[in-house]
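Engineer: One structure follows; several queries about it will come next.
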Amino acid sequence: MAEPRPRVWVSQPLFDDTVAQLAAYCEVVATPEVTAHDSASIRARLAGMDGALITLNERVGAAEIANAPDLKVVANVGVGYNNLDIAALSAAGIIATNTPDVLTETTADLGFSLLMAAARRIVESDRWLREGNWGQWSFTTMLGADLHGSTLGILGMGRIGQAIARRGHHGFGMKVLYHNRSRLPQDVEQAVGASYVGFDELLAQADHLVLVLPYTAQNHHLIDAAALAKMKPSATLVNIARGGIVDELALANALASGRLASAGLDVYENEPNVRPELLALRNIVLTPHIGSASLATRRAMVQVAVDNLLAGLGLGPAAGQPANAINGELLAGGNARIIDTKKR
Ligand code: 8YV
Numbered sequence: 263m264a265e266p267r268p269r270v271w272v273s274q275p276l277f278d279d280t281v282a283q284l285a286a287y288c289e290v291v292a293t294p295e296v297t298a299h300d301s302a303s304i305r306a307r308l309a310g311m312d313g314a315l316i317t318l319n320e321r322v323g324a325a326e327i328a329n330a331p332d333l334k335v336v337a338n339v340g341v342g343y344n345n346l347d348i349a350a351l352s353a354a355g356i357i358a359t360n361t362p363d364v365l366t367e368t369t370a371d372l373g374f375s376l377l378m379a380a381a382r383r384i385v386e387s388d389r390w391l392r393e394g395n396w397g398q399w400s401f402t403t404m405l406g407a408d409l410h411g412s413t414l415g416i417l418g419m420g421r422i423g424q425a426i427a428r429r430g431h432h433g434f435g436m437k438v439l440y441h442n443r444s445r446l447p448q449d450v451e452q453a454v455g456a457s458y459v460g461f462d463e464l465l466a467q468a469d470h471l472v473l474v475l476p477y478t479a480q481n482h483h484l485i486d487a488a489a490l491a492k493m494k495p496s497a498t499l500v501n502i503a504r505g506g507i508v509d510e511l512a513l514a515n516a517l518a519s520g521r522l523a524s525a526g527l528d529v530y531e532n533e534p535n536v537r538p539e540l541l542a543l544r545n546i547v548l549t550p551h552i553g554s555a556s557l558a559t560r561r562a563m564v565q566v567a568v569d570n571l572l573a574g575l576g577l578g579p580a581a582g583q584p585a586n587a588i589n590g591e592l593l594a595g596g597n598a599r600i601i602d603t604k605k606r
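Everything in the sequence shown is counted per the working numbering, starting at 263 for the first residue and increasing by one.
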């Protein structure tokens with residue numbers, strides 16, 4: 263008798279035509295509407311599943327996989343994976359994958375958009391105009407900060423950080439400084455026009471600081487009141503990484519008191535809830551976590567995640583070799599739960 267087809271759970275509505283590729287190999291349990299799944303619901307959905315295609319909304323750790331002895335792959339649609347407890351997944355032999363590369367340029371574009379909007383007070387100007395405040399043209403209306411010729415600081419110099427550096431250096435003639443866990447090779451630094459500095463120097467020198475580092479327990483509230491106090495009062499802060507890296511209350515206080523000129527946030531400590539202290543401010547641009555949200559890029563992300571899921575299950579053209587395994591050592595060491603395709 264033929265083995266039953268593997269079962270996969272798709273946690274949110276994605277792109278139907280792309281997700282449909284899974285149906286060639288698997289029974290697909292799709293989620294028809296945008297849904298807030300809590301831990302108990304994720305645990306219930308994962309029971310009996312071989313794979314899952316999930317987004318940053320779904321946290322998956324030991325509790326969520328406790329009833330899922332067949333689960334082999336969790337394919338995250340996104341490059342950041344702080345929603346996954348990789349240690350717990352690895353201990354259970356479950357492969358985790360993400361979607362790097364395809365979203366790099368789109369996310370860098372959004373970072374730059376937020377930077378320009380905040381520094382040149384675009385959103386604030388729009389609101390002010392609509393509110394009927396433009397009585398007469400004045401020389402000093404909405405004075406902002408220049409991008410061209412200024413110093414761009416980048417915290418976290420992975421793919422997206424480098425793409426932002428290229429924009430700043432080649433596009434706007436900015437001096438680009440960065441800080442990262444490890445220094446980039448010299449040829450890469452030269453190609454993106456960026457120089458390495460220490461963390462405190464980055465804070466002190468940057469006219470505009472963009473956060474693009476992965477969120478970990480170690481960098482929770484890395485940008486706190488003390489860090490903000492080291493920045494120039496004329497500076498702009500942009501966060502397109504994860505909300506928890508910034509102490510939002512300290513940021514709101516710095517913006518309200520004039521200690522910091524402006525900010526642009528795409529990510530928040532407690533999404534989708536945004537602090538009232540931030541909402542009340544005029545000198546901040548707020549977007550709802552849309553870093554990778556161009557149609558083409560979101561489609562590409564889902565395709566990569568589908569490919570990763572099938573490959574991790576031991577199915578499809580790249581069977582057994584998902585391109586973006588986060589805990590690839592499981593495969594190398596033969597410790598992954600993988601479908602025995604010989605039995606099919
Ligand atoms: C994704 C993101 O849209 O890739 C990331 O890390 O933050 C966003 O680009 C999000 O993760 C969707 O799950």
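Backbone N, C-alpha and C define an ideal beta-carbon position, used for all residues, glycine too. The structure presented is a predicted model; accordingly, all values stated were derived computationally and were not measured.
Taking C-alpha atoms, which residue in Met-419, Leu-391, Ser-301, Asn-338 lies nearest to Pro-584?
Structural biologist: Taking only the C-alpha atoms, the option nearest Pro-584 is Asn-338.
Engineer: Quick one, are the C-beta atoms of Thr-478 and Arg-421 less than 8 Å apart?
Structural biologist: No, the pair does not count as a contact, with Cβ atoms beyond the cut-off.
Engineer: Hey, Lys-334 and Ile-316 are a contact pair by Cβ (cut 8 Å); roughly how many whole angstroms apart?
Structural biologist: The Cβ separation is near 14 Å, so there is no contact.
Engineer: Can you tell me whether Val-290 sits near ligand 1, meaning its C-beta is under 7 Å from at least one heavy atom of the ligand?
Structural biologist: No, ligand 1 has no heavy atom inside 7 Å of this Cβ.
Engineer: Which residues does DSSP list as the beta-bridge partners of Tyr-440?
Structural biologist: Tyr-440 pairs with Ile-416, Tyr-458.
Engineer: Under the three-state reduction of DSSP, which class applies to Ser-524: helix, strand or coil?
Structural biologist: Correct three-state label for Ser-524: strand.
Engineer: Report yes if the C-beta of Leu-617 is less than 7 Å from at least one heavy atom of ligand 1; otherwise report no.
Structural biologist: Lying outside 263 to 606, the shown extent of the chain, residue 617 is not represented and no answer is given.
Engineer: Short check: CB of Pro-538 to CB of Pro-550, under 8 Å?
Structural biologist: Not closer than 8 Å, so no.
Engineer: Report back the beta-carbon spacing between Gly-520 and Val-500 to the nearest angstrom; my notes put them in contact at under 8 Å.
Structural biologist: Wrong, their Cβ atoms sit about 18 Å apart, outside the cutoff.
Engineer: Would a check of beta-carbon distances place Ile-316 closer than 8 Å to chain D?
Structural biologist: The chain labelled as chain D is not found in the depicted structure, where only one protein chain is given.
Engineer: Assign Ala-516 to one of two classes, buried (16 or more other C-beta atoms within 10 Å of its C-beta) or exposed (fewer than that).
Structural biologist: Under this definition Ala-516 is a buried residue.
Engineer: DSSP puts Arg-269 in a beta bridge; with which residues?
Structural biologist: In the DSSP output, where bridge partners are listed per residue, Arg-269 has Glu-289.
Engineer: Between Arg-606 and Pro-268, what straight-line distance do the alpha-carbon atoms span, to the nearest angstrom?
Structural biologist: Caution applies to Arg-606, whose pLDDT of 47 falls short of 50 and renders its modelled position unreliable; the value that the coordinates give is listed next. Their Cα atoms are separated by approximately 11 Å.
Engineer: Comparing the CB of Ser-412 with every heavy atom of ligand 1, is any distance shorter than 7 Å?
Structural biologist: False, no ligand heavy atom lies under 7 Å from that Cβ.
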